Amino acid sequence: MAEQPQPRQETMSPGERMGAILMRQRPDRVPFMPFIFGYCARNVGYPIARVYDDPEKSFWAQMWTAEMFGYDGGAMYAYASMGGWEFGGEIKMPVSEWEQAPIVAKFPAETPEAVDALEIPDVETAGCYPIALEFNKIQQQFGMPIMVMAFGCFTPAGNIAEVDKLCRWMMKQPDVAHKLLRKCTDFSKKVVDYYVEHFPNYPMMAFTGEASAANQIISPKQFEEFVLPYQKEIHDHILASGIRNIFCHICGEQNLNLKYWAQMEYGDPGILSFGHEVDLSTAIEYFGDKHAIAGNVEPQIIQNGTNQQVYELCKAAIDKAKMAPSGYLLMAGCEVPVQAPPYNIYVMKKAVMEHGFYD
Amino acid sequence: MATDARKKEILKGLYDAVVDFDEDKVVELSNAVLAEDVDAYEAIMDGLAAGMEHVGDLYANQEYFVPEVLMCSDALYAGLDILRPHLSGKEADVKGQVVIGTVEGDVHDIGKNLVKMMFDVAGFEVHDLGRDVKLEKFVEEQMKTDSEIVALSALMTTSMLAMPKVIEMIKARNPDAMIMVGGAPISQEVADNYGADGYAPNAANAVQEAIQMISRLREMGKA
Ligand code: B12
C-alpha cells in the first residue's frame with residue numbers, strides 16, 4: 001500500500017500566509033481561499049441572503065466558517081450580478097432553496113435612449129455599495145485588509161442592459177455598447193477614488209472579475225474591442241490610485257481571451273483566479289511569472305462529487321500549480337455551491353495539508 | 360414560376376444570407392420567394408433553417424459567438440415573418456408547443472434563449488417564461504397551453520436541484536407532458552436520474568430530441 005501523506009504543522013497564520021504571497025515569498029503551505037459566500041450564511045444558520053444584505057451577519061458568517069474549516073481567505077463582499085441595481089434597476093436577493101446569489105430583477109437600461117439617460121451613480125447610495133461599505137468598515141474595525149469591489153465593465157453592462165441586448169448593440173450599434181461600457185468604467189473609477197479617499201492609507205486590495213466576457217458568449221476579437229480597453233483602464237486606475245494588488249476572477253471559458261488579459265496590469269503581484277475551463281498550467285504560462293495563480297476546482301464536483309473525487313481534484317491542482325513562480329492558492333473555479341457537503345470542503349483543506357507544504 | 364436553377368439560387372441565397380446575417384438580403388429573397396412562386400415551406404426549411412443549422416455548427420466550432428448567432432437569428436426571423444403567413448395546410452401546422460424557462464434561482468438565460476430560438480425556427484410554438492421562473496409557473500403554463508413539451512434550463516448545481524422537483528410537479532398534474540432538461544451541469548445521466556424524458560447538450564440537438572419525444576408521444580396515441 002502506498003504511504004499515506006502526513007499532515008504537517010502550520011507555521012504561519014492565515015494573515016501571514018496571504019502576506020507572504022503578496023510579498024512574493026513562499027508561505028509555509030499553499031494558501032486555501034475557497035471563494036465562498038452564500039455557503040457561509042447557511043453554515044451558521046442564516047438565510048443565504050444575509051451574506052448579501054446584512055453587513056454584520058455577512059462578516060461573521062464568513063469569519064466563523066473560515067475558522068471552522070481553517071481556510072485562509074477571510075471575508076469579502078461581492079457577487080456577479082452587479083450593475084443593474086447600482087444604475088437604478090432592481091435586485092432580488094436569494095430567497096428560495098434553489099438559490100445561491102442575487103439576481104437582477106429589473107434592468108435599468110434596455111434601450112439606447114435609456115443608456116443615454118443613465119447617470120453615473122453616487123457610490124454611497126448606489127445599489128449594494130452602502131452594504132459593501134458597512135461591511136468594509138467592520139473589516140477595518142478588526143484591522144483586516146479591505147477588498148474593494150471595483151465593479152467592472154462588461155459583466156455589469158450585461159447586468160444593466162441584458163446580455164443579449166449588449167451583444168446585439170455590439171454588432172449593430174457599437175456606439176451604444178461603448179457608451180454603456182464607458183459609464184460602467186467611469187463608475188468603477190469613481191468607486192476606487194471613493195475608497196482611497198475614505199479609507200486613507202489603509203491596506204486594500206481591489207477585486208475585479210469577468211463572467212459575461214467568457215468565450216461561451218463573446219469572441220476574442222470582441223473581447224479586444226469591448227473589454228480590453230475598459231478593463232485595462234480600470235486596472236490602471238486602481239494601481240495609479242495607490243492600491244497595490246488586484247485580485248481578478250476570470251470566470252468561465254476564457255482560453256481565447258488570455259492573450260488580452262495578459263496585456264493588463266494586476267499590481268505587484270496580482271492574484272488571478274480561473275474556472276475549471278482554464279488549465280492551471282496554461283494560466284501559469286501566461287501569468288505565473290508576475291502573478292499568483294488561484295483556482296480552479298470545479299464547483300459542480302465540490303457539490304456533486306464524492307469526497308475522494310474532490311480530494312483528487314485538489315491534489316492534482318496543487319501538484320500542478322504549487323511551484324508557480326509567484327505562488328498558488330487553492331480555490332474553487334467559482335463560488336463554492338451552497339449545497340456542497342461540508343465534508344467536501346474539509347477535504348479541500350485536507351489536500352492542502354497533505355500536499356501543499358513547501359519544504 | 361421560378362426555374363429549378365432559380366429556385367436553387369434563391370434557397371442558397373437565403374441560406375447564405377442567414378449565415379452572413381444579412382437581414383436586407385433575407386428580406387429581398389423572401390419577397391422573391393413569394394413573387395416567383397417558390398414554395399414557402401421549402402424556402403424556410405432548406406433555406407433559412409438550414410442556414411441556421413450551419414450557424415449552430417459555427418458556434419460549436421468557436422467560429423461564431425453569441426453576438427453573431429443573435430444577428431443570424433434576427434435575419435432569420437425577418438424571413439420567417441414574410442414567409443410564414445404563406446404556408447399552407449399541414450405545413451402551417453405547428454410541430455408542437457414548448458414551454459421553456461430557466462429554473463427558479465438561476466439567472467443564466469443566454470443558452471436558454473438560443474434553445475428557444477431553435478424551437479421557433481423549427482416551427483414550434485414557444486412559450487418563454489424567462490429566467491428565475493418559479494416552479495409552479497411551469498406547471499400552470501403547461502396546463503394553460505397544453506404544451507407537449509416543457510424545456511427546463513439550469514446552469515448551476517444549486518438550481519439544477521429544482522429540476523426533479525418541477526418534473527414531479529408537472530407529471531403529477533399531467534403525466535403525458537414531456538420534460539426536456541439542459542444546461543452546462545446537466546448530462547444524460549442526470550436527466551435520467553431526474554426522470555426527464557429528454558436531454559440535449561446544445562440548442563441544435565434540443566430540437567431533434569424534441570421531435571423524437573413528440574413522435575414517441577404520438578406513437579403512444581396520446582398526442
Ligand atoms: C455568463 C455567466 C454569468 C452571467 C449570466 C448572464 C446571463 N444573463 O445569463 C452572470 C455574471 C450574471 C452570472 C452570475 C452568476 N454565476 Co455565472 N456563469 C456565466 C458563465 C461564464 C457562462 C454561461 C453562459 O452564458 N454560457 C453560454 C451559453 C450559450 O451556454 P449554456 O448556457 O451552457 O447553454 C448551452 C447548453 O448548455 C444548452 N442548453 C442550455 N439550456 C438548455 C435547456 C434545454 C432544455 C436544452 C435541451 C439545452 C440547453 O444549449 C445552449 C446552447 O448550445 C458560466 C460558465 C459555464 N461553464 O457555464 C458561469 C457559471 C454558470 N456561473 C456560476 C456562478 C457560481 C454564478 C453566481 C452564483 C456567482 C455569484 N456568486 O454571484 C451568479 C449566479 C446568480 C444566480 N442567482 O443565478 C458557476 C456555477 C457553478 C455551479 N455551482 O454550478 C459557473 C458554472 C462558473 C464556473 N466556472 O463555475 N454568471
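Top line first, the protein sequences correspond to chains A and B.
Read in order, the letters of the first sequence correspond to residues 1 to 359 in this note's numbering.
Read in order, the letters of the second sequence correspond to residues 360 to 582 in this note's numbering.
Note that the Cβ used here is the ideal one computed from N, Cα and C, for glycine as well.
Please read all numbers here as calculations on a predicted model, not as lab measurements.
Against chain B: residues of the stretch 85 to 105 of chain A by CB proximity under 9 Å: 92, 94, 95, 96, 97, 98, 99, 100, 101, 102, 103, 104 and 105
Backbone CA spacing between residue 12 of chain A and residue 29 of chain A [nearest angstrom]: If you number the first sequence from 1, residue 12 of chain A lands on position 12. If you number the first sequence from 1, residue 29 of chain A lands on position 29. Computed Cα separation, rounded: 9 Å.
Counted within 10 angstroms of its Cβ, other Cβ atoms place residue 328 of chain A as buried (16 or more) or exposed: Here residue 328 of chain A corresponds to residue number 328 of the first sequence, with the count starting at 1. Buried: at least 16 other Cβ atoms inside 10 Å.
Cross-chain neighbours of residue 429 of chain B in chain A, by beta carbon under 8 Å: Stepping through the second sequence from its first residue, residue 429 of chain B is reached at position 70. Ordered by position in chain A, the residues that pass the 8 Å Cβ test against residue 429 of chain B are 164, 167, 168 and 171.
8 Å Cβ cutoff, residue 521 of chain B in contact with chain A: The count along the second sequence starts at 1 and reaches residue 521 of chain B at position 162. Yes, residue 521 of chain B lies at the interface with chain A (some Cβ there is under 8 Å from its Cβ).
Residue 539 of chain B CB to nearest heavy atom of the ligand B12 below 7 Å: The residue given as residue 539 of chain B occupies position 180 in the second sequence. Because some heavy atom of the ligand B12 lies under 7 Å away, the Cβ of residue 539 of chain B counts as near it: yes.
Residues that residue 208 of chain A bridges to, as DSSP identifies them: Taking the first residue of the first sequence as 1, we reach residue 208 of chain A at position 208. According to DSSP, residue 208 of chain A bridges with A/248.
CA-to-CA distance, residue 312 of chain A to residue 122 of chain A, given in whole angstroms: Along the first sequence, read from residue 1 onward, the residue named residue 122 of chain A stands at position 122. Along the first sequence, read from residue 1 onward, the residue named residue 312 of chain A stands at position 312. Taking the straight line from one Cα to the other gives about 47 Å.
Cβ-based contacts, 9 Å cut-off: residues of the stretch 457 to 491 of chain B near chain A: 462, 463, 464, 465, 466, 468, 469, 470, 472, 490 and 491
Segment contact, 8 Å Cβ cut-off, at least three pairs: the stretch 36 to 51 of chain A with the stretch 115 to 131 of chain A: no
Cross-chain neighbours of residue 222 of chain A in chain B, by beta carbon under 8 Å: On the first sequence, position 222 is the one that residue 222 of chain A refers to. Residues of chain B passing the Cβ test: 424 and 426.
Chain B within 8 Å of residue 203 of chain A, Cβ atoms only: As a position in the first sequence, residue 203 of chain A is number 203, starting the count at 1. No, no contact with chain B.
The alpha helix (DSSP H) enclosing residue 198 of chain A, as first and last residue numbers: Translated into the one-based positions of the first sequence, residue 198 of chain A becomes position 198. For residue 198 of chain A, the enclosing alpha helix (DSSP H) has its first and last residue at 174 to 198.
Buried or exposed by the 16-neighbour rule on C-beta atoms within 10 Å, applied to residue 347 of chain A: Counting from one through the first sequence, the residue named residue 347 of chain A turns up at place 347. That one is buried.
Pick from A/270, A/302 and A/330 that is closest to residue 289 of chain A, judged by C-alpha positions: Here residue 289 of chain A refers to the residue found at position 289 when the first sequence is read from its first residue. For the residues A/270, A/302 and A/330, the minimum Cα distance to residue 289 of chain A belongs to A/270.
Under 9 Å by beta carbon: chain A residues contacting residue 447 of chain B: Residue 447 of chain B sits at position 88 when you count from the first residue of the second sequence. Residues of chain A passing the Cβ test: none, with the nearest at roughly 33 Å.
Neighbour flag for residue 299 of chain A against chain B, beta carbons, 8 Å: Numbered from 1 along the first sequence, position 299 holds the residue referred to as residue 299 of chain A. It does; some Cβ of chain B falls within 8 Å.
Chain A contacts made by the stretch 543 to 554 of chain B, where a contact means CB separation under 7 Å: 544
Near-chain A residues of the stretch 502 to 531 of chain B (beta-carbon distance less than 7 Å), N- to C-terminal order: 515, 516, 517, 518, 520 and 521
Contact set between residue 215 of chain A and chain B, taken where Cβ atoms lie within less than 9 Å: For the purposes of this step, residue 215 of chain A is taken as the residue at position 215 of the first sequence. Neighbours of residue 215 of chain A on chain B, chain order: 421 and 424.
Own chain residues within Cβ distance below 7 Å of residue 306 of chain A, not counting five before or after: By one-based count along the first sequence, residue 306 of chain A stands at place 306. For residue 306 of chain A, where only same-chain residues beyond five positions count, there are no Cβ hits under 7 Å.
Beta-carbon proximity list for residue 425 of chain B, same chain, < 7 Å, skipping 5 on both sides: Here residue 425 of chain B corresponds to residue number 66 of the second sequence, with the count starting at 1. Excluding five sequence positions before and after residue 425 of chain B, the CB atoms of its chain that fall closer than 7 Å to its own CB belong to 469, given in chain order.
Chain B residues whose Cβ lies nearer than 7 Å to that of residue 370 of chain A: A question about residue 370 of chain A goes unanswered here, because the residues of chain A that appear run from 1 up to 359.
Segment limits, alpha helix (DSSP H) that includes residue 52 of chain A: As a position in the first sequence, residue 52 of chain A is number 52, starting the count at 1. Unbroken alpha helix (DSSP H) run through residue 52 of chain A: 50 to 53.
Inter-stretch contact at 8 Å, needing at least 3 Cβ pairs: the stretch 94 to 110 of chain A / the stretch 69 to 86 of chain A: yes
One or two residues paired with residue 106 of chain A in a DSSP bridge: Here the question's residue 106 of chain A lines up with position 106 in the first sequence. Its beta-bridge partners are A/90.
Run of the beta strand (DSSP E) containing residue 484 of chain B, from where it starts to where it stops: One-based indexing of the second sequence puts residue 484 of chain B at position 125. Annotation for residue 484 of chain B: the continuous beta strand (DSSP E) segment containing it runs 484 to 487.
Cβ-Cβ separation, residue 378 of chain B to residue 356 of chain B (assumed contact under 8 Å), whole Å: Only positions 360 to 582 of chain B appear in this structure, which leaves residue 356 of chain B out of reach.
Per-residue contacts from residue 218 of chain A into chain B (C-beta, under 9 Å): Along the first sequence, read from residue 1 onward, the residue named residue 218 of chain A stands at position 218. Going along chain B in sequence order, the residues near residue 218 of chain A (Cβ under 9 Å) are 424, 425 and 426.
Helix, strand or coil at residue 215 of chain A according to DSSP, with G and I counted as helix: Residue 215 of chain A sits at position 215 when you count from the first residue of the first sequence. Three-state result, residue 215 of chain A: coil.
Span separating the alpha-carbon of residue 410 of chain B from that of residue 481 of chain B: Taking the first residue of the second sequence as position 1, residue 410 of chain B is located at position 51. Taking the first residue of the second sequence as position 1, residue 481 of chain B is located at position 122. Straight-line Cα distance between these residues: approximately 12 Å.
For residue 132 of chain A and residue 534 of chain B, the rounded distance between their alpha carbons: Numbered from 1 along the second sequence, position 175 holds the residue referred to as residue 534 of chain B. Numbered from 1 along the first sequence, position 132 holds the residue referred to as residue 132 of chain A. So the two alpha carbons sit approximately 48 Å from each other.
Residue 338 of chain A: contacting residues in chain B (beta-carbon distance under 8 Å): Counted from its first residue, the first sequence places residue 338 of chain A at position 338. Ordered by position in chain B, the residues that pass the 8 Å Cβ test against residue 338 of chain A are 517.
C-alpha distance - residue 226 of chain A paired with residue 448 of chain B, whole-angstrom precision: Here the question's residue 226 of chain A lines up with position 226 in the first sequence. Here the question's residue 448 of chain B lines up with position 89 in the second sequence. Between residue 226 of chain A and residue 448 of chain B, the C-alpha separation is close to 47 Å.
Residue-level contact to chain B via CB, residue 273 of chain A, 8 Å cutoff: Translated into positions along the first sequence, residue 273 of chain A becomes position 273. No, no contact with chain B.
The ligand B12 heavy atom lying under 7 Å from the CB of residue 280 of chain A: In the first sequence, the residue the question calls residue 280 of chain A occupies position 280. It does not: the Cβ of residue 280 of chain A is nowhere closer than 7 Å to a heavy atom of the ligand B12.
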